[in-house]
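Visitor: Could you have a look at this structure, given as structure tokens, before my questions?
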Amino acid sequence: LICPVILIQVTRLKCGSFIFALRVNHTMCDTIGLVQFLTAMGEIARGALVPSVLPVWQRELLTARHPPRITCTHHEYDQVPDTKSTIIPLDDMVHKSFFFGSKEVKNLRKLVPPQLQKCSTLELLTACIWRCRTIAISPGPEEEMRILFVVNARNRFSHPLPDGYYGNAFVFSAAISTAESLCKKPLEYALELVMKTKSNVTEEYVKS
Numbered sequence: 004l005i006c007p008v009i010l011i012q013v014t015r016l017k018c019g020s021f022i023f024a025l026r027v028n029h030t031m032c033d034t035i036g037l038v039q040f041l042t043a044m045g046e047i048a049r050g051a052l053v054p055s056v057l058p059v060w061q062r063e064l065l066t067a068r069h070p071p072r073i074t075c076t077h078h079e080y081d082q083v084p085d086t087k088s089t090i091i092p093l094d095d096m097v098h099k100s101f102f103f104g105s106k107e108v109k110n111l112r113k114l115v116p117p118q119l120q121k122c123s124t125l126e127l128l129t130a131c132i133w134r135c136r137t138i139a140i141s142p143g144p145e146e147e148m149r150i151l152f153v154v155n156a157r158n159r160f161s162h163p164l165p166d167g168y169y170g171n172a173f174v175f176s177a178a179i180s181t182a183e184s185l186c187k188k189p190l191e192y193a194l195e196l197v198m199k200t201k202s203n204v205t206e207e208y209v210k211s
């Protein structure tokens, strides 16, 4: 590996505080694994002899099948041609921040039918932003619009990964729609696509 597995830097300030900086090689762990590592460091710093959650290596749990067998469609690895939606000039780009608090999320949920109310806030906002961005850049009606997101696969197996597993168990998944459908159909259309794409991440999908 060209990049070190982990780098830690502590900068002590005159006021007595300190800055903790960390760099991790993503081939070693994902965000959940990193949080587990930081929690363990904090526990040991406070005097614990062992962390409350013991680390689990067991990388063989996610070993690829031999021989490989592709049984699912993986749009996240498609080669996407350069289009209006992928190449956006920056000279007239406007920077603006949008904050979604409980009130804004509640108002968004009013646009969703009862059968989709079980959606998470992340799924709802993902669908909303995907749709709004598509409307903003005005692509051709038949242009293919994609949104790529990360799914935690830890509990997607018939035998879930152990609690202490800190390896990279995140997988990518991609939702696809034509620009016309995304812009003209209601928010629930985009939301259904996001939820379905996320639910498609099964054990078979990960191994495929």
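Each residue of the sequence shown is one higher than the one before, starting from 4 at the first, in the working numbering. Ideal Cβ placement from N, Cα and C applies to all residues, glycine included. Note that the structure is a prediction, hence the values are computed from the model and not measured.
Please report the distance separating the alpha-carbon of I138 from that of V83.
Guide: 20 Å
Visitor: Does DSSP put E195 in a helix, a strand or coil?
Guide: helix
Visitor: Please list the terminal residues of the continuous beta strand (DSSP E) segment that includes I150.
Guide: E147 to N155
Visitor: Start and end of the beta strand (DSSP E) containing V13?
Guide: I9 to R15
Visitor: Does the Cβ-Cβ distance between N171 and T30 come in under 8 Å?
Guide: yes
Visitor: Return the first residue and the last residue of the beta strand (DSSP E) that S176 is part of.
Guide: F173 to T181
Visitor: Let me know the secondary structure DSSP gives H208 once reduced to three states.
Guide: Residue identity check: residue 208 is Tyr in the sequence provided, not His. Looking at Y208 - three-state DSSP - the assignment turns out to be helix.
Visitor: From P142 to A182, what distance separates their C-alpha atoms?
Guide: 7 Å
Visitor: Could you tell me the distance, in whole angstroms, from the CA atom of V154 to the CA atom of V204?
Guide: 7 Å
Visitor: Could you pull out every unbroken beta strand (DSSP E) segment of at least 3 residues lying fully inside the stretch 90-128, listed in chain order?
Guide: none
Visitor: Using DSSP with H/G/I as helix, E/B as strand and the rest coil, what is A139?
Guide: helix
Visitor: Let me check understanding here. Comparing Cα to Cα, which of G104, P144 and P163 lies closest to S180?
Guide: The closest CA to that of S180, considering only G104, P144 and P163, is found on P144.
Visitor: Identify, in the order they occur along the chain, each residue of the same chain with its Cβ nearer than 6 Å to the Cβ of L57, setting aside the five sequence neighbours on each side.
Guide: G167
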